[in-house]
Amino acid sequence: MYPHRVAGRPTRVASNRVLAGLRSCPSKQPSIVREDLMNLESKWLEDFSALAATRSFSQAAERRFVTQPAFSRRIRSLESALGLTLVNRSRTPIELTAAGQLFLVTARTVVEQLGEVVRHLHHLEGGQGEVMQVAAAHSLALGFFPRWIAQLRNEGLNIATRLVATNVGDAVHALREGGCDLMLAFYDPDAALQMDAEIFPSLHLGHTEMLPVCAADADGQPLFDMEGEGSVPLLAYSAGAFLGRSVNLLLRQRNLRFTTVYETAMADSLKSMALEGLGIAWVPQLSVRAELARGELVVCGGPQWHVPLEIRLYRCALVRKANVRLLWRKLESAAPPESL
C-alpha cells in the first residue's frame with residue numbers, strides 16, 4: 001500500500017504545485033489551466049518517476065506491478081492532463097523531453113512530500129529524519145566527505161546521509177533528474193555545459209590543490225625529476241575527465257616532456273599506481289594526506305606544478321526538502337572554509 005494513499009484511493013494532486021518550473025517549456029497545447037490538471041493522480045507521478053529511472057516501459061511496468069499496456073495508458077493520461085509531451089518514445093532507451101526533465105524533479109518532490117505528510121499524520125516517522133541523498137566525485141567521497149560530515153555533526157547538525165560515489169557526469173545527471181538532493185564536486189569554470197545557477201545554486205565549501213606525486217627512492221627523494229631533460233612516465237586521467245583537462249592545460253603551459261604509461265578516470269587509481277613507483281600522478285592533496293605524511297609518496301614539483309581546485313556543493317532550487325534547506329542555511333552562515 002502506497003504511503004500517500006488514503007482509504008485505498010490514490011491522492012489527487014493540485015496543479016499549481018505540480019507545474020512549478022514548467023511554465024517556460026514549449027507545448028502544443030494552449031497555455032491555460034484545464035480542469036484535467038486538478039485530477040492528476042499521485043500514482044501517475046510514481047509511474048513517471050519509475051519510467052525515468054528505468055528508461056523502459058516494460059521494466060517500469062514491472063516495477064509498478066502493472067501490465068505494460070496499463071502502464072503506458074497511465075503515462076498517456078499524465079501527459080494528457082498536463083498538455084505536455086514528457087517522453088520521447090522514438091528513442092531506445094526512451095528519453096525524457098525538456099518538459100519531462102523539469103517535471104520529473106517536481107513529480108518526485110510532490111510524491112515525497114505527500115508521503116512525509118501522511119507518515120507524520122499517522123505517527124509513522126518513529127523519530128527518524130529524512131535521509132539526504134548525496135552524489136559525489138570519487139576523490140571527494142573518500143578524501144573530503146567523511147571529515148565534512150563529521151564536522152557538521154560536531155557543530156550539532158545531525159543529518160542522515162546516503163552517499164553515492166560516481167563520476168561528475170553521472171552526478172550532474174542525477175541532480176538534474178532528482179536522483180539526488182546534493183552534488184559534491186570540484187568546480188569546473190571551463191566546462192562546455194554549465195548548470196543554470198538559478199535552478200542549481202552552489203556553495204563554496206573549500207579549496208585544495210592537485211599535486212604531482214610519485215614514489216620516493218631510498219633517500220626519500222622523488223623517483224622522477226620533472227626539471228630534468230628526459231621524459232617522465234605520466235599516470236594520466238582519461239580523456240574528458242575534468243581533473244585531466246586541468247592537468248593537460250598545465251602540461252602544455254609548462255612544456256613537460258612525458259610518456260603516458262597509464263590512464264584512468266579515477267584519482268585514487270592513479271595514486272595506487274604512483275605508490276608502486278610506476279610514474280608521476282597529479283592527484284588532489286586531500287586524497288594523499290596520509291601517504292605524504294608517511295613518506296610513501298613525495299611531491300615531485302614546486303608550486304608552479306600545482307593546480308588549484310575549488311570544492312562546491314550543488315542543489316536543485318525546485319526541491320524543498322526540509323533537511324536540505326536546513327543544511328543550506330547553516331552553510332551559508334558559516335565562516336569561510338579553510339584550505340584542505
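Residue numbers (the UniProt record's numbering): 1 to 340. Beta carbons are placed, not taken as given, at the ideal position from N, Cα and C, and that holds for glycine.
Residues of its chain near residue i, where Cβ-Cβ distance is below 7 Å and the 5 sequence neighbours each way are ignored
| i | result |
| --- | --- |
| ASP268 | HIS138, SER139, LEU142 and SER287 |
| THR260 | LEU234 and ALA236 |
| GLU95 | ASN88 |
| GLY301 | PRO212 and MET226 |
| PRO284 | SER139, GLY143, THR208, MET210, ALA267 and LEU309 |
| ARG55 | PRO93 and ILE94 |
| VAL307 | GLU209, MET210, SER246, VAL247, LEU250 and TRP282 |
| LEU193 | Residue placement at LEU193 is flagged as unreliable, the pLDDT there being 46, under the threshold of 50; the coordinate-derived value follows with that caveat. There are no such residues. |
| ALA265 | ASN167, TYR237, SER238 and ALA241 |
For residue i, the residue or residues it bridges with in DSSP
| i | result |
| --- | --- |
| CYS214 | VAL298 |
| LEU163 | VAL134 |
| LEU182 | VAL134 and ARG315 |
| PRO222 | ALA216 |
| SER202 | TYR314 |
| LEU96 | VAL87 |
Whole-angstrom C-beta distance between residue j and residue i, which should lie under 8 Å
| i | j | result |
| --- | --- | --- |
| residue 341 | ARG64 | Here the chain has residues from 1 to 340 only, and residue 341 is not among them. |
| residue 410 | LEU82 | Coverage of the chain is limited to positions 1 through 340, which leaves residue 410 absent and any answer about it impossible. |
| ALA185 | LEU163 | 13 Å between Cβ atoms; not a contact. |
| THR161 | MET132 | 5 Å |
| ALA317 | ILE199 | 5 Å |
| MET195 | VAL172 | 7 Å |
| SER202 | TYR314 | 5 Å |
| THR67 | THR85 | Between THR85 and THR67 the Cβ distance is about 23 Å, and since that is not below 8 Å, they are no contact. |
| GLU177 | ALA50 | Incorrect: roughly 13 Å between the Cβ atoms, too far for contact. |
| LEU205 | ILE311 | 5 Å |
| LEU327 | ILE149 | With a Cβ gap of about 11 Å, LEU327 and ILE149 do not count as contacting. |
| residue 355 | LEU45 | Outside the modelled stretch of the chain, which goes from 1 to 340, sits residue 355, for which no answer is possible. |
Residue i CB to nearest heavy atom of the ligand SAM below 7 Å
| i | result |
| --- | --- |
| GLY295 | As far as ligands go, the structure on display features none, and thus does not contain the ligand SAM. |
Close beta carbons around residue i, own chain, < 6 Å, minus the five adjacent residues each side
| i | result |
| --- | --- |
| PHE144 | LEU286 |
| TRP305 | PRO212 |
| ARG329 | none |
| VAL319 | THR109 |
| ARG325 | none |
| GLU332 | none |
| LEU278 | none |
| GLY244 | TYR237 |
| ALA61 | GLN68 and PHE71 |
| TYR262 | LEU235 and MET273 |
| LEU104 | ALA52, GLU177 and GLY178 |
| ARG257 | SER231 |
| ARG147 | none |
| PRO222 | CYS214, VAL298 and CYS300 |
Residues near residue i in its chain [Cβ-Cβ closer than 8 Å; skip 5 each side]
| i | result |
| --- | --- |
| ALA322 | GLU130 |
| GLY220 | GLY295 and VAL298 |
| GLU291 | VAL213, LYS271, LEU275 and LEU297 |
| PHE224 | CYS214, VAL232, PRO233, GLY279, ILE280 and CYS300 |
| LEU157 | LEU326, LEU327 and LYS330 |
| VAL134 | PHE145, THR161, ARG162, LEU163, VAL164, CYS180, ASP181, LEU182, MET183 and LEU184 |
Chain C contact for residue i (CB, 8 Å cutoff)
| i | result |
| --- | --- |
| ARG64 | Absence of chain C from the displayed structure is noted, only one protein chain being present. |
- prompt: Along the chain, which unbroken stretches of the alpha helix (DSSP H) at least 4 residues long are found entirely within the segment 233-307?
  reply: 242-254, 267-275 and 289-294
- request: Decide yes or no for the touch test of the segment 296-308 against the segment 207-225: beta carbon pairs closer than 8 Å, at least 3 of them.
  value: yes
- prompt: Does the segment 236-256 touch the segment 94-112, meaning 3 or more C-beta pairs lie closer than 8 Å?
  reply: no
- prompt: At which residue ranges does the segment 52-80 contain complete alpha helix (DSSP H) runs of 4 or more residues, listed in the order of the chain?
  reply: 57-63
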